[in-house]
Every structure is written in structure tokens, then in C-alpha cells.
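Trainee: Respectively, the protein sequence lines represent chains P and F.
If you use numbering that gives the first Met the number 0, the first sequence corresponds to residues 0 to 640, in order.
If you use numbering that gives the first Met the number 0, the second sequence corresponds to residues 0 to 167, in order.
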Amino acid sequence: MSRGRLLAAVGLVAFAVGVGALAAPGLFGLGVQRYAVVAIGLLAAAAAIRVVQGRRHSPRRRAETATPEEPPAVASPGEELDAVLAAFDPTHYGTADRRRKQLRRVATEVLTRYRGDNEATAREAIERGTWTDDPVAAEFLADERSRLPLTDRLRTRLGGQSAYWQGIERTARAIAETAGVDTDDRDGSPLPGLDRVVGSLDGRDAGLDRASAVADPTPTTRSTGHWRGISAAALAALGVGVLAERAGVVLVAVVGIAYAAAARQRTLSAPTLSVERTVEPADPEPDEPVTVTLTVTNEGKRPVWDLRLVDGVPPALSVVEGSPRLGTALWPGASATVTYEVAAERGRHEFGPSQVLVRTLSGSVEREQAVEPATTTEITCVPPLRPIDEPVPLRRQPTRHTGRVETATGGEGVEFFATRAYRSGDPLSRIDWNRHARTGELATLEFREERSATVVLVIDRDEAAAVGPSQRGQTAVQRSVDAASRLFATLLDDGNRVGIAALGARDCWLAPGAGDAHRVRGRELLATHPALAPGETPESVLPFGWLAALRSQLPGDAQVVLFSPLCSPAVATVARQLDAGGHLVTVVSPDPTTTASGAGQLATVARRFRIADLRAAGIPVVDWPWAQSLPVALARTRWSQ
Amino acid sequence: MTGIDRSPTRTGSALAVLAALVALAAAGAVSWIALAVGGVGVGLVLAGVALARHDAVSTGAAALFVGVLAAGVQGAPVTALLVGAVATVLAWDSAGTAIDLGAQLGRSATTARIELVHAGGTALVGGLAAAIGWSIYQLGLGSQPLTVPVFLLVAALCLAGALAARGG
Chain P
0 MSRGRLLAAV GLVAFAVGVG ALAAPGLFGL GVQRYAVVAI GLLAAAAAIR VVQGRRHSPR
60 RRAETATPEE PPAVASPGEE LDAVLAAFDP THYGTADRRR KQLRRVATEV LTRYRGDNEA
120 TAREAIERGT WTDDPVAAEF LADERSRLPL TDRLRTRLGG QSAYWQGIER TARAIAETAG
180 VDTDDRDGSP LPGLDRVVGS LDGRDAGLDR ASAVADPTPT TRSTGHWRGI SAAALAALGV
240 GVLAERAGVV LVAVVGIAYA AAARQRTLSA PTLSVERTVE PADPEPDEPV TVTLTVTNEG
300 KRPVWDLRLV DGVPPALSVV EGSPRLGTAL WPGASATVTY EVAAERGRHE FGPSQVLVRT
360 LSGSVEREQA VEPATTTEIT CVPPLRPIDE PVPLRRQPTR HTGRVETATG GEGVEFFATR
420 AYRSGDPLSR IDWNRHARTG ELATLEFREE RSATVVLVID RDEAAAVGPS QRGQTAVQRS
480 VDAASRLFAT LLDDGNRVGI AALGARDCWL APGAGDAHRV RGRELLATHP ALAPGETPES
540 VLPFGWLAAL RSQLPGDAQV VLFSPLCSPA VATVARQLDA GGHLVTVVSP DPTTTASGAG
600 QLATVARRFR IADLRAAGIP VVDWPWAQSL PVALARTRWS Q
Chain F
0 MTGIDRSPTR TGSALAVLAA LVALAAAGAV SWIALAVGGV GVGLVLAGVA LARHDAVSTG
60 AAALFVGVLA AGVQGAPVTA LLVGAVATVL AWDSAGTAID LGAQLGRSAT TARIELVHAG
120 GTALVGGLAA AIGWSIYQLG LGSQPLTVPV FLLVAALCLA GALAARGG
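Written out as C-alpha cells, the structure reads:
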């Protein structure tokens, strides 16, 4: 620092002397020799080159801004091949060719399940390569011991598609086709489409930015390097001007010096800014546009020359109109307003602080900070409960309360069930008087008893369930919550006692109940509980501790309807354990799988396995295709109870 | 909606290209070398704001500046040199600001106010410096062909060194 000051002082003195010599010619009788001037000119040129070099090695810096306009990208099931394979076969093979071994296991299982082979025949078919028509896939699985050739390993490292990866893709496809998965809707690209890969990178960036902008509210000041290298212009002009003996060129250096001096400012005092945010309406219906108005005011005494602001739009909401970004200059007391629209989503959404970047007039220093309004802004969107007309897929298990679940027990009701011999004490109204008139025998009519059930709706909100077929669409968790809210309303209307729980979230629990107050509580919980909030990335937990807690809360006769895409083995285990523990389980499973990549096809196969296993264990599963509505999916499922 | 458009902002890009053209006209009117080198510079600045490349903008601005110096060596009037130099710096500055603003706020945000205020500040500094330089020249720098430039040179070197020592 002291060196800099010294140089600056000497420079100013020299400048003064130069100007003085100009004002009073002859004041300094310096007979500067021609060769000295040439030397100094060369020196200036050399210094200019050095500055330019320095600029090349020190890049400009600027704050990165968040991308709050869009929700984070939705992952697809089977985004990672290794995770999908590990779900089939969690063995930790130490060899380089782990994937091939795992694929062999998958192929064997598919052949035994879908071709009816026993395991030995299936293995033989794989060894001989007769299990599929695809020669690449057949050969890929046939030679287990072959390692990757060196060239392929290199090409894998370099990112190109090698024979190895092609083999994996073709094998996955052959396995999926053997399992009856329709793989025709893929676009012919051997790997996930480039747009998908690029898109997911975008999405990941967006998620990262969003997190960093909110997580780091401490103000930081940095030098932007915007004017770095301007002194080279001054030096070059002086060097060239002196060497060419052109006074006009030397004067150009004055411009360069002026800019270098103007960019010298290294400090930036903290601006006094206030923001105010209003939302209209604050309690919208789903998909209703909400107008957000953000006003930023300069409360300080100095002008803010360069203000860049990105509003903290809640993660789950997407901006549909306008931009939540503003760039402006503010005089003291002045304010600027930015207006944009977001589409409402189910849930309670709190706005984060606005990310604010302030620069000096010259732009050489940048300060990054977060600014929050005095009061937090929230949008609460509680969708109405919409019952469905389809019968809800409950299993037959009566309780003592009258309701609408058809039981396998005869008694009092509406629908004819059976007749039996009269026992004394039967009510006169139920004696079959027609038969008595015909035959003289006394028989009692029995009607199908309709009783209410106690049902707990359990929503899978694990990380593995937060997937969907399209990046900018719903996740299976959102589908599950929507379905749960519809079934909640329907079951309550039918006179059942209904409760709500979320997989792995102990605080998300509504004990089974009935009545209007319960209905309102359930609606609030489904709409606004943080565990079910859209845009949240739930942690992946093994849910068995939670399962024990749930079992202690469940009433003994409660049924469970589990909403899950069945994308992880743990959920299927939960369903089986609940069922084995005496709670009749039904699974409603939105299907988020895609067959766009080999890994996606394998994930589809894995999900089919899980559904088949659950059904084999006597647990009904509603396989709900993504494109269908819930009532249609329920109507299309035949109930074997 | 897929991502936001983070390409350089329109106002700043237009300002940069306009300033680059002014610099080219000021220097190229006198010297063929300036016209050729400066033409390449304008192209690079244009490419830089189109592709959001700081390096292209800087190289383009450097080429424009070399053109201005060449015109000066070939005897261009001092007014043209000063206008050319200020316009070159303005082009470089506006293009850099447009790229940064585009990256931080995107094209759809309202940013014209920042860009105009910033360019105004830059033009003001350059205008003042040019006015001082022009006054010095008018006062008769030619009568002191060596003493004054040498002291200005030393001053500039020291000032630049001072700035470099502070990381500028």
C-alpha cells in the first residue's frame, strides 16, 4: 500500500511539473536528451504489455445470481444407472465389471418371472446368448469375464460412447422388452437425449444458485476488475507518442490516466435500502396468477448508482409473467418498482430475502447483500377438496360404525345378501313373508352390511419418490398428495374415519377422525404441511423407525392406503410389514417412469417387479399411469379382494 | 419456459457497438491502417456482445485503440484522437457492463437505467479528460516538445504503478 501511495505521489508531482513546464516554458531548463526519451518510451510500451498480460491472467469477477423463476428440475426415475442396478442387486462387487454382473442378475430374474424359466435354464440362455434377438445384448451378457478393452475405458473417460456403454444400453432395452415394457417411445438416441442432459445441468445450476443466494446472507464486497487493464491504454499511448514524437498521441494518454484514476475507488459504503413486497391475492386457488409487487427505496443520503436486485421467489413457484429482476439507479429517497406474476401452487410459500448487488458508478467494486422486507410475505394456497365418484379401493374389513364399505357379512343393510333359517328374536320386518306364504317355512332375509372403515392415508415423500417423467412437471409426491386429498374427501363423505400420515415424517400425522372440523384439519395439513410441500427436497431416510412409531399410533382396525410411486425397495417393505402387522394395505402408485434411457427402462422393470411382488403378497396395487386421471385409474383397476 | 435468457442486455450492447463505430469513424477517416484494424475491432466487439465474451470485447477494444494510435502517428487531428479514445473506452465499458448485467439479471429485466447512468458517468470522465488534454494542447504543447511529454509520461507511469500496486 505504501509503495502505491509513494508512486502516486511521485506521479502527481511529475504531472504538476509537466503542467508547470507547459504553463511557464523555460522554468525548468531540463535538457533531456533524445536517447533518454526513447528509453522511457520503450519502457512505457513494455509496461503496457505487462499490464495487458496481467489482465489476461486475472479474470473479471461478478456475483452469480439465483434463478428463482423456475422450480428446481424434477429428476426422472433411473437418472443414475448404478443406483437402479444396485436396487436389483446390492452386492458390492469389487470388479471393474460390476454392471455386467448386475445386468445378468436382472436378466435372469426377468426370464424366470416372464418366461417361466427356472433359474438354471435362464442362466444357460444367457450364457448361450439365446435369450434375446438383439446380438449386441446377447453378446454383452454372454462373456462375463471379459473386461473392458483399454480403448473403451479411455473412451469412457473421454466421454464418448463406447461399445461398452452401447452394450449396456442395448442390454437394458432387451431386458425391458422381455419384461413387456414398451420401449418404442424413445427417440432413437442411445443415451438420454442431449437436451435432457443439458437441461438437468441447467436445473442443477439453478438449484445451487438458489441455495447459495439464500444461505449466505452476509454482505460481501469484491473488486470486479471491470477497469483492469485501462492503464495499458495510457502507457501504450505515451510510449507510442514519445517514440513517434507525436504530441497528440501523448495527449490520448490523459484519457487513459483519467479512467484509471476514476476506477481507483476501492470502497463502497453499505447502501441503506428498504424493500416492500405485496402479493395479490395472498390466498389464491391453484394455478391462479398472483401479482407480486416489489418496491425498493434508497433510504440513504447518497445516490445508489448501480443497483441489481433479484427477488426471493419461493422455490416451488414459477414466474409466469414479467421478471423478478430489476436493474436501476436510485437517488436518495427515490424508489423503483418491479412487478411480476407467479402461478400459485398448493402449499404455504414464504418469500426469501431479495439478493441485492450494488456497484460504484465506475463499476469497479461490487457489494452483494440480502435485503428483506420488514414483514415476511407468504402465499398460502389451499386447494379445495374434490371427492371423486368412483368407489374407493378399500379392502373389506368392517368396524362397528355404519358406513358404506361393503362387507362380507350379512345383516342389516340395503343390498340382498342371503337368507337363513329363522331364529327366534329376528325382527319381523326381515322375515321372508313371500316364502312363508309359499311354503310355510320361516326364513330371515339378510342384507349386506355396510360399515365404516378406519383408513389412514400414507404418502410416500421420500427422495426416491420426488421424481417425474418431465423436468418441468409434477413429481410423484405431488401426484400422491393430490390423490390423497381426493380420497380423503371421498372417504369422509362415505362416512369413514380417515387419518393422514407421511412416510418418514413423524410430525405429519392426523389421527383418524370424522366430521367437518376434521375435514378442515385434513385439508390444511395436506395443503400446507412442510413435509408435503412442493419444491422441498426431502431427505432420504430408511423409514423403519418411523414405521414403528406409526404402528403404535394406528388404531388396531385401521386400513392403510399407501400412495407411492414404488421407486425404492424400502417402500414396498413398509407396505408388506404393515400388511403383515394386521393393517390391510392398498397401494395407489402413480407411475413416474420413462423409457427414454436404458436406466429408465430398468427402473420401469424394477417397479413392475415390486408391483407384482406386492400383488402376489395379497396387497392390491392401483398402477396409475401418468397420463390418466385418478378416477380413470381407479375405474380401470379390477379389484380382487 | 426453459431457463432465462442471460445474454447481454440490449441497451448496453447497442451503446457499445455505437461507440465502437464512432471510434472507427474518428480514427478511420484519417488513416487506412486505423480503418482496417478498427474494422476488425468493431467486428470483435460485435461478436463479443453477441456471444457474451469478455475476451472478444477486450481484444476488439484493443484493436480499436491501436487504430486510434496509428491514426495519431499518421498525423490525425488531436480532436479526432481524443474522441476516438473516449469512444473506444466507452465501447469497452458498455459491452462489459452489458455482458455482466445480462449474466446477472438477464435480458428480460429492466436495466436501461443502470446502463445509461453508467455510460453517462464514463462519458463524463472521458469528456473531462479530453477537455483537459485538448486545453493543454491548445496552450501550446508543441513549443515544449520534450519536457512536458516526459513529465506526463513519468506521471502516468507512477500513477499506473500506484494503481497496479493496489490491484488495479
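Don't be surprised by glycine CBs; every beta carbon is placed ideally from N, CA and C.
1) For W130/P, is the classification buried or exposed, using 16 other Cβ atoms within 10 angstroms of its Cβ as the cut-off for buried?
2) Give a yes or no on whether the minimum CB-CB distance between V21/F and chain P is below 8 angstroms.
3) In chain order, what residues of the region 118–132 of chain F put their CB closer than 8 angstroms to some CB of chain P?
4) When the distance is taken between beta carbons, is E320/P closer than 8 angstroms to E344/P?
5) Just curious, the beta strand (DSSP E) that H348/P is in, first and last residue?
6) Can you name the residues of chain F whose CB is closer than 9 angstroms to the CB of F350/P?
7) Taking the beta carbon of Q599/P as the centre, do at least 16 other beta carbons fall within 10 Å, making it buried, or is it exposed?
8) For A417/P, which three-state DSSP category applies?
9) Between P7/F and the rest of its own chain, which residues show a CB-CB distance below 6 angstroms, the 5 nearest in sequence each way excluded?
10) Return the CA-CA distance between R358/P and S273/P, expressed in angstroms with no decimal places.
11) Could you check what DSSP says for N641/P in three-state terms: helix, strand or coil?
12) Can you tell me the Cα-Cα spacing of R606/P and L565/P, whole angstroms?
13) So L104/F and T336/P are in contact, right, with Cβ under 8 angstroms, and what is the actual spacing, rounded?
14) Quick one: any contact between the region 275–286 of chain P and the region 243–261 of chain P, if contact means 3 or more CB pairs under 8 angstroms?
15) Pull up the distance between the alpha-carbon of A60/F and that of A122/F, whole angstroms please.
16) Pull up the distance between the alpha-carbon of A7/P and that of R112/F, whole angstroms please.
17) Pop quiz: L89/F and G125/F are said to be a contact at Cβ under 8 angstroms. What is the actual Cβ separation, rounded to whole angstroms?
18) Measure the Cβ-Cβ separation of A680/P and D116/P and say whether it is below 8 angstroms.
19) Assuming L331/P contacts K300/P (C-beta within less than 8 angstroms), just tell me the rounded distance between them.
20) Under 8 angstroms: do the region 473–491 of chain P and the region 552–566 of chain P share three or more Cβ pairs, one atom per stretch?
21) Whose Cβ in chain P lies nearer than 7 angstroms to the Cβ of S107/F?
22) If you pair each beta-carbon of the region 503–519 of chain P with each one of the region 414–428 of chain P, do three or more pairs fall below 8 angstroms?
23) Does the beta carbon of V39/F sit closer than 8 angstroms to a beta carbon anywhere in chain P?
24) Rounded to whole angstroms, what's the CA-CA distance from L170/F to A86/F? Just pull it up for me.
25) Apart from the five residues on each side of it in sequence, which residues of its chain come closer than 6 angstroms, Cβ to Cβ, to A231/P?
26) Buried or exposed, going by whether 16 or more other CB atoms sit within 10 Å of the CB of W31/F?
27) Of all the CB atoms in chain F, is at least one closer than 8 angstroms to the CB of D286/P?
28) What do you reckon, are the CB atoms on A513/P and L491/P nearer than 8 angstroms?
29) Taking 8 angstroms as the threshold, find out whether the region 491–511 of chain P comes into contact with the region 522–529 of chain P through three or more Cβ pairs.
30) Could you name the residues of the same chain whose beta carbon sits closer than 8 angstroms to that of D54/F, not counting the 5 residues immediately before and after it, in chain order?
31) Compute the Euclidean distance between the alpha carbons of S12/F and A261/P, then round it to the nearest angstrom.
32) For P288/P, which option in A342/P, G439/P, A557/P and D481/P has the closest C-alpha, if you only look at C-alpha atoms?
33) Which class does P314/P belong to by DSSP, given the choice of helix, strand or coil?
34) Three-state secondary structure (DSSP) at S211/P?
35) Within 8 angstroms of any Cβ in chain P, is that where the Cβ of L45/F sits?
36) Report the partner residues of S334/P according to the DSSP bridge assignment.
Mentor: Taking the definition as stated:
1) buried
2) no
3) G120, T121, V124, G125, L127, A128, A129, I131 and G132
4) no
5) G346 to E349
6) The premise fails here: F350/P is roughly 18 angstroms from chain F at the closest Cβ pair, so nothing lies under 9 angstroms.
7) It is worth fixing the name first, because residue 599/P is Gly in this sequence and not Gln. G599/P is buried by the Cβ-count criterion.
8) strand
9) V48, A51, A97, I98 and G101
10) 17 angstroms
11) In the structure as shown, chain P starts at 0 and stops at 640, and residue 641/P therefore has no counterpart that could be examined.
12) 6 angstroms
13) Between T336/P and L104/F the Cβ distance is about 16 angstroms, and since that is not below 8 angstroms, they are no contact.
14) no
15) 16 angstroms
16) 34 angstroms
17) 7 angstroms
18) Absent from the structure is residue 680/P, since the part of chain P shown begins at 0 and ends at 640.
19) Inspection of the sequence shows that residue 331/P is occupied by Pro rather than by Leu. The Cβ separation is near 5 angstroms, so the contact holds.
20) yes
21) S322
22) no
23) no
24) What is shown of chain F runs 0 to 167, which leaves residue 170/F out entirely.
25) A47, V50 and V51
26) exposed
27) no
28) yes
29) yes
30) G47
31) 23 angstroms
32) A342/P
33) coil
34) The predicted model places S211/P with a pLDDT of 40, which falls under 50 and marks its position as unreliable, so this point remains unresolved.
35) no
36) T296/P
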